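Accompanying notes for the structure given below.
4 protein chains.
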Amino acid sequence: MKRKQYETAMAPMREQLVAMARWARVTGQRIVVLFEGRDTAGKGGAIRAVSEKLNPRQCHIVALAKPTEAEQTQWYFQRYVQHLPSAGEIVLFDRSWYNRAGVEKVMGYAEDPQVSRFLEQAPQFERMLVDDGILLFKYWLTTDQARQEERLRERLDDPLKRWKLSPVDLAARERYDAYTEAREAMLAATHSDWAPWTLVDFNDQKRGRLTLVRDMLDRLPNTEVPPPQIDFPPLGRQPRAER
Amino acid sequence: MKRKQYETAMAPMREQLVAMARWARVTGQRIVVLFEGRDTAGKGGAIRAVSEKLNPRQCHIVALAKPTEAEQTQWYFQRYVQHLPSAGEIVLFDRSWYNRAGVEKVMGYAEDPQVSRFLEQAPQFERMLVDDGILLFKYWLTTDQARQEERLRERLDDPLKRWKLSPVDLAARERYDAYTEAREAMLAATHSDWAPWTLVDFNDQKRGRLTLVRDMLDRLPNTEVPPPQIDFPPLGRQPRAER
Amino acid sequence: MKRKQYETAMAPMREQLVAMARWARVTGQRIVVLFEGRDTAGKGGAIRAVSEKLNPRQCHIVALAKPTEAEQTQWYFQRYVQHLPSAGEIVLFDRSWYNRAGVEKVMGYAEDPQVSRFLEQAPQFERMLVDDGILLFKYWLTTDQARQEERLRERLDDPLKRWKLSPVDLAARERYDAYTEAREAMLAATHSDWAPWTLVDFNDQKRGRLTLVRDMLDRLPNTEVPPPQIDFPPLGRQPRAER
Amino acid sequence: MKRKQYETAMAPMREQLVAMARWARVTGQRIVVLFEGRDTAGKGGAIRAVSEKLNPRQCHIVALAKPTEAEQTQWYFQRYVQHLPSAGEIVLFDRSWYNRAGVEKVMGYAEDPQVSRFLEQAPQFERMLVDDGILLFKYWLTTDQARQEERLRERLDDPLKRWKLSPVDLAARERYDAYTEAREAMLAATHSDWAPWTLVDFNDQKRGRLTLVRDMLDRLPNTEVPPPQIDFPPLGRQPRAER
Ligand SMILES: Nc1ncnc2c1ncn2[C@@H]1O[C@H](COP(=O)(O)OP(=O)(O)O)[C@@H](O)[C@H]1O
Ligand SMILES: Nc1ncnc2c1ncn2[C@@H]1O[C@H](COP(=O)(O)OP(=O)(O)O)[C@@H](O)[C@H]1O
Ligand SMILES: Nc1ncnc2c1ncn2[C@@H]1O[C@H](COP(=O)(O)OP(=O)(O)O)[C@@H](O)[C@H]1O
Ligand SMILES: Nc1ncnc2c1ncn2[C@@H]1O[C@H](COP(=O)(O)O)[C@@H](O)[C@H]1O
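Residue numbers (our numbering), protein chains in the order written: chain A, 1 to 243; chain B, 1 to 243; chain C, 1 to 243; chain D, 1 to 243.
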């Protein structure tokens with residue numbers, strides 16, 4: 001998709017995202033969005049598309065590093081729970097608790113019973129959040145392997161993107177089919193009425209972002225809140241210069 | 001119950017509690033104990049009986065103050081979750097998430113739908129912890145109102161105990177029957193196979209403590225772990241004085 | 001400044017930022033950058049310029065909301081301290097502890113003795129961080145009031161930017177001179193050998209961003225760390241499609 | 001000292017501690033007490049003597065376990081700072097930041113420059129807390145080695161106390177003189193006007209506790225706050241029994 005076309009489509013949605021944030025603040029709504037998908041799918045870009053125009057004091061991006069030793073022995077959801085939103089906050093998870101069913105399963109960081117337990121608990125856990133009134137969105141960004149190969153090669157060649165090529169990523173490439181299998185098991189177990197997955201085609205990342213944001217906005221209730229009246233009188237004197 | 005009789009009965013259990021702690025540390029077990037009950041029931045004393053001889057770096061007592069404004073808007077369990085144990089830790093909750101079904105309901109700090117939701121979620125939440133391998137104990141300390149009256153009067157008269165008489169407590173006294181009703185609803189909804197309540201008669205607090213600790217120890221699996229070999233050679237020189 | 005010119009100048013610095021991040025990770029360096037300045041100065045854009053290509057698991061943006069009631073009674077630096085970096089992390093503060101000498105002073109959220117104490121403690125506090133090995137950068141973004149007026153008006157007119165116009169901002173406009181005075185006091189008290197302020201002209205935001213990033217990179221020691229060797233064998237089979 | 005004599009002397013101080021806590025709550029004071037000393041000195045008992053009659057929601061005991069890997073790379077004071085009190089709170093540290101100058105130095109967990117830096121920073125850090133209005137008390141509990149030997153042997157023989165004999169303790173015994181030297185360096189560097197050390201003889205632990213509590217109470221300003229009027233009307237009906 002061309003940048004210009006993207007911009008034209010994105011512009012009104014940016015305003016709607018801003019309206020959503022105002023609505024959340026004014027009405028005390030709490031919003032959680034999970035961004036999942038294979039490496040190179042475009043999670044970072046999608047998160048930027050959502051957060052770009054929002055107040056960073058309101059909209060938090062949570063990208064947890066691998067669990068510490070102590071965290072590894074805790075109830076699995078514990079370290080995520082402390083990032084859940086208070087009234088008026090929006091939290092975007094760059095990868096999430098679903099790591100357990102994806103990278104942790106495939107790379108062997110978690111044992112099979114831990115993975116099964118996760119698949120059982122995730123829907124219950126999410127049920128609690130949703131019943132508590134949290135608006136929960138779960139997006140899985142899809143890409144064909146051919147596109148992924150291109151992007152991996154791009155990362156390899158581009159010094160700006162090289163850091164993105166972690167050893168975990170290269171192993172993921174080797175285990176493409178294991179990941180596919182893990183993903184299927186994950187979708188089967190955790191696609192629920194109260195917290196459904198939305199798969200979004202990110203073979204074209206711009207189109208993917210538009211689709212994702214559109215989908216999210218459409219699922220929200222009416223977010224219209226009158227913008228605040230702002231009284232902006234003329235300055236009434238010479239503006240100062242700042243050294 | 002006489003102090004001496006109490007001491008005789010408690011002494012061997014103290015050793016067993018210490019053994020339990022060693023076992024938890026060595027095997028990485030996580031133990032959570034909830035202490036609930038009306039004011040004056042003797043939660044503090046019961047917690048002391050359990051924790052007294054344990055390492056404070058391993059055994060944590062959690063007595064949360066009333067939720068802050070921000071906490072009040074979060075998922076109800078959030079502020080408790082962050083105190084759940086890592087491997088080897090023992091956490092004793094002096095009052096717990098059950099506040100929602102007790103003081104918060106009766107005093108009107110929580111609204112009815114919040115209370116109902118809590119009663120629905122608590123067993124699910126606990127199920128997750130238990131399935132995750134946490135050893136969860138839930139004790140409700142009972143006292144007759146006549147005993148409670150005596151103890152309240154004692155608090156009133158004893159400058160050491162006066163602080164215990166919060167306005168919440170006096171209100172609780174007025175609403176004794178509302179508390180009873182709340183307790184019944186709570187037990188009915190949250191007494192589960194995986195996380196049963198144990199009611200312990202605390203009309204005699206010493207006897208109550210003995211019963212509680214005995215019960216807890218009996219529910220544990222075999223906690224025998226050989227104590228570490230400690231090599232303690234003679235000092236081999238004059239001991240120093242410290243100024 | 002023209003976008004194209006900006007891009008040309010920014011491109012090599014992006015690579016250097018990525019190199020800096022790799023160096024920090026490999027050598028365990030900790031980097032803290034404070035972004036301060038009047039509203040509309042362009043703090044958000046500057047932060048984006050630095051963080052854009054970095055790993056969000058390594059580079060954290062901290063934009064704290066106003067202190068809660070409990071936080072207001074704590075040692076002032078307490079809530080900032082918990083966001084300080086561990087080895088390998090980069091933390092960008094969108095406003096920082098300097099709020100006390102700026103908005104809190106001018107708007108009367110802090111009392112005079114609190115502000116004086118802050119001005120005394122800030123250099124000592126920073127000294128400790130710097131002596132501990134943290135690389136600390138403090139940027140103050142300047143703008144003339146005429147430019148600020150333009151930008152405020154833009155925010156007023158642009159539904160995407162309206163949220164940025166908080167009541168605090170409008171008050172700030174009224175108290176422009178009080179802010180100037182507060183800033184002078186702040187610079188005088190907290191510009192130290194170990195943690196100097198760098199003032200950057202953000203009348204042209206693009207030029208400002210280039211200056212800021214260039215300055216920061218130039219102050220770093222040699223960050224060259226050989227990029228990891230990445231073994232990227234051909235896929236050796238048909239790539240899969242993902243539904 | 002005989003138990004009875006101890007009780008007689010302790011009784012009025014218990015009331016004064018309770019008064020102190022009420023005063024702290026009502027006036028928003030923050031109190032921090034550090035308990036340091038060699039193993040077996042009696043830190044745990046002294047902490048219990050202070051906290052025993054206080055509200056656990058107000059008076060927190062902090063006994064941090066050894067730092068995690070991530071914590072080890074942070075600014076040394078960071079993990080302690082998050083336990084500092086909010087208005088009305090009392091925090092008792094069972095060992096404290098002084099670990100760095102004691103066990104960490106002697107056992108080699110910290111390197112020499114880290115220890116020197118600590119000795120330089122500790123007084124500055126404490127200065128900030130004290131200037132911020134925190135009431136800071138630092139107690140060092142002394143014991144002669146002959147007493148320590150007895151107590152170590154007691155621990156060895158008493159299954160209730162065995163856990164207290166960590167390998168670190170046994171090493172401490174071997175390095176008695178190194179600890180003495182470390183202590184001297186520590187006192188020399190960190191005994192300041194604003195945060196002086198008080199050494200208390202704990203060869204007799206009961207006497208030590210009395211001395212410590214007496215000293216602390218005497219250093220406080222007048223803590224008299226009229227106790228709240230409590231209205232305690234007669235129950236006016238048959239008390240209920242609780243099953
Ligand atoms: N040993 C581990 N145990 C659990 N999770 C891990 C481990 N190593 C990496 N991860 C997780 O795997 C995910 C993928 O890692 P990586 O590819 O480095 O990050 P990114 O999401 O930025 O591509 C991250 O969420 C990371 O936390
Ligand atoms: N406004 C409130 N909202 C929610 N919980 C509260 C509120 N006020 C008090 N509580 C809780 O009620 C419980 C009883 O309070 P109190 O009688 O003061 O404490 P204690 O358990 O020490 O007797 C505590 O757990 C406290 O956190
Ligand atoms: N009552 C308050 N006490 C202390 N700080 C406050 C208070 N209200 C706002 N602030 C702080 O003032 C700063 C400016 O607020 P605002 O203009 O809303 O944010 P921004 O930095 O996004 O422009 C923020 O850092 C905010 O935390
Ligand atoms: N590896 C370590 N690094 C730093 N501190 C430690 C380490 N091991 C033990 N300690 C501390 O030493 C003190 C005494 O330990 P212990 O006697 O095992 O309770 C405690 O405060 C521990 O936190």
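For glycine and all other residues, C-beta sits at the position ideal for the given N, C-alpha and C. Keep in mind that this is a model prediction, so the values were computed, not measured.
Partners in chain C for residue i, counting only beta-carbon separations shorter than 8 Å
{"i": "residue 125 (chain D)", "result": "128"}
{"i": "residue 242 (chain A)", "result": "38, 142, 143, 144, 145, 180"}
{"i": "residue 22 (chain D)", "result": "By Cβ distance, chain C contributes nothing, its closest Cβ being about 17 Å from residue 22 (chain D), past 8 Å."}
{"i": "residue 205 (chain D)", "result": "Here the premise fails: no neighbours, minimum Cβ distance about 33 Å."}
{"i": "residue 75 (chain D)", "result": "81, 84, 128, 129, 132, 134"}
{"i": "residue 31 (chain A)", "result": "The contacting residues do not exist; residue 31 (chain A) stays about 15 Å from chain C at best."}
Residue burial classification, residue i (beta-carbon count within 10 angstroms, cutoff 16)
{"i": "residue 40 (chain A)", "result": "buried"}
{"i": "residue 227 (chain C)", "result": "exposed"}
{"i": "residue 1 (chain C)", "result": "exposed"}
{"i": "residue 232 (chain A)", "result": "exposed"}
{"i": "residue 243 (chain C)", "result": "exposed"}
{"i": "residue 99 (chain C)", "result": "buried"}
{"i": "residue 3 (chain D)", "result": "exposed"}
{"i": "residue 108 (chain C)", "result": "exposed"}
{"i": "residue 238 (chain A)", "result": "exposed"}
{"i": "residue 30 (chain D)", "result": "buried"}
{"i": "residue 148 (chain B)", "result": "buried"}
{"i": "residue 66 (chain C)", "result": "exposed"}
{"i": "residue 222 (chain C)", "result": "exposed"}
{"i": "residue 153 (chain A)", "result": "exposed"}
{"i": "residue 94 (chain D)", "result": "buried"}
Per-residue contacts from residue i into chain C (C-beta, under 7 Å)
{"i": "residue 55 (chain A)", "result": "163"}
{"i": "residue 65 (chain A)", "result": "57"}
Chain A contact residues for residue i, given Cβ-Cβ distances below 9 Å
{"i": "residue 239 (chain C)", "result": "144, 145, 146, 147, 148, 149, 176"}
Cα-Cα separation between residue i and residue j, rounded to whole angstroms
{"i": "residue 78 (chain C)", "j": "residue 130 (chain D)", "result": "14 Å"}
{"i": "residue 181 (chain D)", "j": "residue 219 (chain D)", "result": "29 Å"}
{"i": "residue 236 (chain B)", "j": "residue 179 (chain D)", "result": "18 Å"}
{"i": "residue 74 (chain D)", "j": "residue 85 (chain C)", "result": "6 Å"}
{"i": "residue 83 (chain D)", "j": "residue 133 (chain B)", "result": "29 Å"}
{"i": "residue 106 (chain A)", "j": "residue 87 (chain D)", "result": "49 Å"}
{"i": "residue 206 (chain A)", "j": "residue 216 (chain A)", "result": "16 Å"}
{"i": "residue 62 (chain C)", "j": "residue 20 (chain C)", "result": "19 Å"}
{"i": "residue 185 (chain B)", "j": "residue 196 (chain A)", "result": "33 Å"}
{"i": "residue 15 (chain C)", "j": "residue 112 (chain D)", "result": "37 Å"}
{"i": "residue 51 (chain D)", "j": "residue 164 (chain B)", "result": "14 Å"}
{"i": "residue 151 (chain B)", "j": "residue 116 (chain D)", "result": "54 Å"}
{"i": "residue 214 (chain B)", "j": "residue 49 (chain B)", "result": "11 Å"}
Contacts that residue i makes with chain B (C-beta to C-beta distance below 7 Å)
{"i": "residue 14 (chain D)", "result": "160"}
Integer Cβ distance of residue i from residue j, believed to fall under 8 Å
{"i": "residue 190 (chain A)", "j": "residue 122 (chain A)", "result": "5 Å"}
{"i": "residue 142 (chain A)", "j": "residue 37 (chain A)", "result": "7 Å"}
{"i": "residue 102 (chain A)", "j": "residue 183 (chain A)", "result": "7 Å"}
{"i": "residue 35 (chain D)", "j": "residue 46 (chain D)", "result": "6 Å"}
Residues that residue i contacts on chain D, provided the C-beta gap is smaller than 8 Å
{"i": "residue 156 (chain B)", "result": "230, 232"}
Closer than 7 Å at the beta carbon, the chain A residues around residue i
{"i": "residue 94 (chain C)", "result": "56"}
{"i": "residue 28 (chain B)", "result": "73"}
Cross-chain neighbours of residue i in chain D, by beta carbon under 7 Å
{"i": "residue 70 (chain C)", "result": "86"}
Neighbour list for residue i in chain A, Cβ cutoff strictly below 8 Å
{"i": "residue 117 (chain B)", "result": "131, 132"}
{"i": "residue 44 (chain C)", "result": "56"}
{"i": "residue 78 (chain B)", "result": "81, 82, 84"}
Where residue i meets chain C, residues with beta-carbon distance less than 9 Å
{"i": "residue 121 (chain D)", "result": "127, 128, 131, 132"}
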